[in-house]
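Below is one structure, written out as structure tokens; comments come after it.
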Amino acid sequence: MTAWVIARNTFGEAIRKKILNVFLILALGSVLISLTFTFLEFRQQVVILKSFGLGMVQFWGLFIAIIMGISLIPADIEQRTIYTILSKPVKRYEYVLGRFLGGAITLAVNVALMGAAFLLVFLLKVNTRALESLASLDFGPFWTSWVWSGEVPGLIGGIAMVYMKLLLLLAVAVCFSTFATVTVNFFLSSAVFIAGSISSVTEAMSKSPNTPIVLRWLYAAVHYVVPNFGNYDVQNPIIHPEVPAADLSLYMWKAVFYGLAYTIILLVVGVLVFERKEV
Amino acid sequence: MENAIEIRDLTKSFHSVLTGEDVIAVDHLTLDIHRGEIFGFLGPNGAGKTTTIKMLLGLIFPTSGTASILGYPPGDIEVKRKISYLPESPYFYEHLSGYEVLDFYATLFGIPAAERKKKVDELLDLVGLSDNKHKRLRHYSKGMLQRIGLAQALINDPDLLFLDEPTSGLDPIAHLDIRDMILRLRDEGRTVFLSSHQLSDVEMVCDRVSILDRGKLMRVGSLKEMLAGKSVEIRAERVRDDIFEKVKAHSSDAFTVDGAIRVRVEQSFVNETVQMIMQTGGEITAVIPGKRTLEDIFIETVREGTVS
Ligand SMILES: Nc1ncnc2c1ncn2[C@@H]1O[C@H](COP(=O)(O)OP(=O)(O)O)[C@@H](O)[C@H]1O
Ligand SMILES: [Mg+2]
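Protein chains in written order, with the working numbering: chain A, 82 to 360; chain B, 128 to 435.
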């Protein structure tokens, strides 16, 4: 309950600070750019729009997740707003949880808005004929020629996967923010994200006989400790639905549970550190 | 239980990464604060006042020693319902309005919505911010923020308030308002732990005071007893220069202007001084039982500490 009060306030803060609007505009702008690839064949244009659109939602989402994750708790300490909060009947774990939840909600709203903008652009793109009817001011054919693309649910799934990935990154940054400074944390969280995104590389290196043994252990440690962000890269089956995927939705659910489990572990670690933190 | 706060051997040292040395901010502090009193916690800048308060609130942790607040350990969730804290130069969420920030704090106490609205409006009225309640805190002056700080410290009807330098940097009017508010708190039977280096405030409102210097408790006691000095101020006119010189030798504080003098002497020396002046044609204009000011005591205490 108390955590929820803090979460709501965190979300309100993000809305009022309006920094996040900038990312929304940038995301929309970058999706629109992909519409200019008209030199390609139409089918390819749609493929590009899809992969580019999801990529952009993720790209701008990364900024939001990192910026919020590294600053939510340190900003309260730096600005000393934390004194009046922790001296109220708020348990330290409730505060950490509240800050994280508020960040998660903010991230969800932003990803949803960016995703909606992307889906809208996508639908307009595949509805060339409907748009032509609009342009000729002949509204009749607009509705009859409008197609609701069957790919939309898949794209929504893709956006959800992007969110899960960003949520995990948010948890990493919030966890680190209980002991690292903002600057150190920026590089630390980014490094974790990169290492976790090339999980197949770290795994291969840890098994390669050509790698010195110490480095092999190091790669193995990185591979097993760092969460695997690559789990959420489901773009290929979504962008190319004609390619049969074994069981995509089962895979995605597994990835969601994997992410939630990791998030909980990270938050527990963060809370344990924060319990003894001097503010 | 009679004491609101019991502090035993409380010590805090900070390790400086820069110099590699330990700074002892609070040094084996032992102190009792009685229920219902306004306790002045005095000390120059850097004495360790804020550090002590933060330990009592559970924001930072003692290196050694213990403290008990209303019978609870510092930071206990139950005790946090009964106490409140106004930090030094307080900062609040600037994106909120005065109304919203108090509503936020009231929600943290779990006060239900209907009651909350009434309570917040009452408090805004009490601290004189009703007209500005929908303005964002970003646009508040320092004095207004201090008033918000006081309002948020009253939200839970606290039994015990920690006020850290509540009047520093305020204009005289805001200053007076806050002083009145503190007096009202005492009338309502609350305990106030008031940290300050503004001696005039402490002098007007406190029952007991302590003086902290470089982490060490130098003095503690009732303000009345501390101020009751044994010296007496004598004023006289037409005093001969040689007599003034004689008196001055026994005086802690002596001025003369054209034969009119003002001297401060020990109680035991009053009769002799008065006689000397009268027998040599001087005229006594006043004999004032010397009340020392808190400032005298403060400076004396801190100086003694520096010498030893
Ligand atoms: N977090 C900290 N790290 C290192 N030194 C500190 C810290 N907080 C306070 N100090 C030092 O402890 C001493 C007491 O500070 P403080 O309690 O703020 O004094 P006061 O409130 O009486 O002005 C000062 O020398 C200060 O520099
Ligand atoms: Mg201080």
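Just so you know, even glycine gets a beta-carbon here, dropped at the ideal spot from N, CA and C.
Since the model is a prediction, treat every value here as computed from it, not as a measurement.
is_contact[residue i, chain B] using C-beta, thresh 8 Å
| i | result |
| --- | --- |
| A:Leu-167 | yes |
| A:Lys-98 | yes |
| A:Val-263 | no |
| A:Tyr-164 | yes |
| A:Val-352 | no |
| A:Val-207 | no |
| A:Val-282 | no |
| A:Thr-187 | no |
| A:Glu-356 | no |
| A:Asn-102 | no |
Whole-angstrom distance between residue j and residue i, CA atom to CA atom
| i | j | result |
| --- | --- | --- |
| A:Leu-153 | B:Leu-350 | 45 Å |
| B:Lys-245 | B:Tyr-220 | 21 Å |
| A:Glu-94 | B:His-222 | 6 Å |
| B:Val-401 | B:Arg-362 | 10 Å |
| B:Ala-387 | B:Ile-426 | 28 Å |
| A:Phe-338 | A:Val-315 | 15 Å |
| A:Lys-358 | A:Thr-162 | 15 Å |
| A:Leu-182 | B:Glu-330 | 47 Å |
| A:Arg-97 | A:Arg-297 | 48 Å |
| B:Ser-257 | A:Ser-168 | 25 Å |
| B:Thr-420 | B:Lys-260 | 40 Å |
| A:Val-349 | A:Lys-172 | 14 Å |
| A:Phe-133 | A:Ala-156 | 34 Å |
| B:Ile-275 | B:Ile-165 | 21 Å |
| B:Thr-190 | A:Tyr-176 | 25 Å |
| B:Arg-306 | B:Glu-205 | 29 Å |
| B:Thr-383 | B:Leu-326 | 28 Å |
| A:Trp-229 | B:Leu-184 | 60 Å |
| A:Gly-277 | A:Ile-147 | 15 Å |
| B:Asp-385 | B:Arg-365 | 8 Å |
| A:Leu-135 | A:Arg-210 | 24 Å |
Bounding residues of the alpha helix (DSSP H) (the contiguous stretch that carries residue i)
| i | result |
| --- | --- |
| A:Asn-102 | 100 to 114 |
| B:Thr-420 | From DSSP, B:Thr-420 is part of no alpha helix (DSSP H); its letter is neither H nor E. |
| B:Ser-268 | From DSSP, B:Ser-268 is part of no alpha helix (DSSP H); its letter is neither H nor E. |
| A:Glu-356 | 329 to 356 |
| B:Leu-253 | 240 to 253 |
| B:Arg-87 | For residue 87 of chain B there is no data in the structure shown, the boundaries of chain B being 128 and 435. |
| A:Phe-267 | 263 to 278 |
| B:Phe-371 | 368 to 376 |
Residue range of the beta strand (DSSP E) that includes residue i
| i | result |
| --- | --- |
| A:Met-82 | Unbroken run through A:Met-82: none, as it is neither H nor E. |
| B:Thr-138 | 130 to 142 |
| A:Leu-228 | Note that residue 228 of chain A is Val in the sequence shown, not Leu. Run containing A:Val-228: none; DSSP gives neither H nor E here. |
| B:Ile-151 | 149 to 161 |
| B:Asp-291 | 287 to 291 |
| A:Ser-214 | Not the beta strand (DSSP E): A:Ser-214 falls in the alpha helix (DSSP H), residues 209 to 216. |
| A:Thr-119 | A:Thr-119 -> no beta strand (DSSP E), and no H or E assigned at all. |
Residue-chain proximity (residue i, chain A), Cβ-Cβ < 8 Å
| i | result |
| --- | --- |
| B:Lys-207 | yes |
| B:Phe-425 | no |
| B:Tyr-226 | no |
| B:Leu-145 | no |
| B:Thr-234 | yes |
| B:Gln-273 | no |
| B:His-261 | no |
| B:Phe-320 | no |
| B:Leu-184 | yes |
| B:Pro-214 | yes |
| B:His-142 | no |
| B:His-222 | yes |
Assigned exposure category for residue i - 16 Cβ within 10 Å defines buried
| i | result |
| --- | --- |
| B:Ser-379 | exposed |
| B:His-161 | exposed |
| B:His-142 | exposed |
| B:Tyr-232 | buried |
| A:Leu-121 | exposed |
| B:His-266 | exposed |
| A:Met-333 | buried |
| B:Glu-227 | buried |
| B:Glu-292 | buried |
| A:Ile-141 | Looking at the sequence shown, residue 141 of chain A is not Ile but Trp. Answer is buried; the Cβ neighbour count reaches 16. |
| A:Tyr-305 | exposed |
| A:Arg-180 | buried |
Contact with chain D by residue i, beta-carbon distance below 8 Å
| i | result |
| --- | --- |
| B:Phe-231 | In summary, chain D is missing from the structure at hand, where the protein chains are A and B. |
Where the region 167 to 185 of chain A meets chain B: residues whose CB sits under 8 Å from a CB there: So the list reads Leu-167, Ser-168, Lys-169, Pro-170, Val-171 and Lys-172, given in the order they occur along the chain.
Short-range partners of chain A found in the region 157 to 182 of chain B, where Cβ spacing is below 7 Å: For the region 157 to 182 of chain B, which is checked against every Cβ of chain A, not one residue is closer than 7 Å.
Chain A contacts made by the region 292 to 309 of chain B, where a contact means CB separation under 7 Å: Answer in chain order: no residues at all.
Interfacial residues, the region 278 to 291 of chain B to chain A, with Cβ spacing under 7 Å: Residues passing the 7 Å Cβ filter: Gln-279.
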